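Using the working numbering, read the sequence shown as starting at 76 and increasing by one per residue. Even glycine gets a Cβ: it sits at the ideal position worked out from N, Cα and C. Predicted model only: the values in this text are computed from it and were never measured. Everything below concerns the one structure shown next.
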Amino acid sequence: MAKKNEITHKGKIIEITPDFTSVQILVSSACASCHAKGLCGMSEEEEKVIMLPTDPYASYNVGDEVTICTKMSMGLKAAWISYVIPLAVLMALILVLTNLGINEFVAAGAAVGGVGLYYFIIWLLRDRLSDEFVFYIKNN
């Protein structure tokens, strides 16, 4: 049973190496559980593979059903990094540039460029960020 402060996903171990254990999870949108998903065609389910550091003391095997867990605070941090901060950058650049009298088309382009620069910096920091976002395996 998942704790209140955890985010969990059921998954299946697909590969184990000395360094990493790969777990395949099925990520589904809210539409996936809807009874009318076949009629509207809006549901989406996607399989993702998460690579976790291999625990040398664990006795997992390929094909085992496991639960992947992380702290709720990591999910909130990811939401801030990927959605809230870029929105704030976009809005701030649009507001500042239009108040400086710059053409709205140019301001919008610069704002989108600023968000692109933000995501490029996040991409450059991906190794540092991956050390902060820790997942772990629980047996079912």
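Contact between the segment 176-191 and the segment 121-136 is not established, with fewer than three Cβ pairs separated by less than 8 Å. Looking at the DSSP output, V98 sits in a beta bridge with I88 and I125.
The segment 154-164 and the segment 186-196 touch, with no fewer than 3 CB-CB distances between them shorter than 8 Å. For I143, the enclosing beta strand (DSSP E) stretches over residues E140 to K146. Residue burial is scored here from C-beta neighbours: G184 has fewer than 16 other C-beta atoms within 10 angstroms and is therefore classed as exposed.
In this structure, T129 sits away from T83, with a CB-CB distance that is not shorter than 7 Å. Closest in alpha carbon position to N80, among I100, V98, F95 and M147, is M147. With a 10 Å radius around the Cβ and a threshold of 16 neighbouring Cβ atoms, G86 comes out buried.
By the neighbour-count definition (other C-beta atoms within 10 Å, threshold 16), T92 is an exposed residue. The beta carbons of L127 and F210 sit about 5 Å from each other, so the pair counts as a contact at 8 Å.
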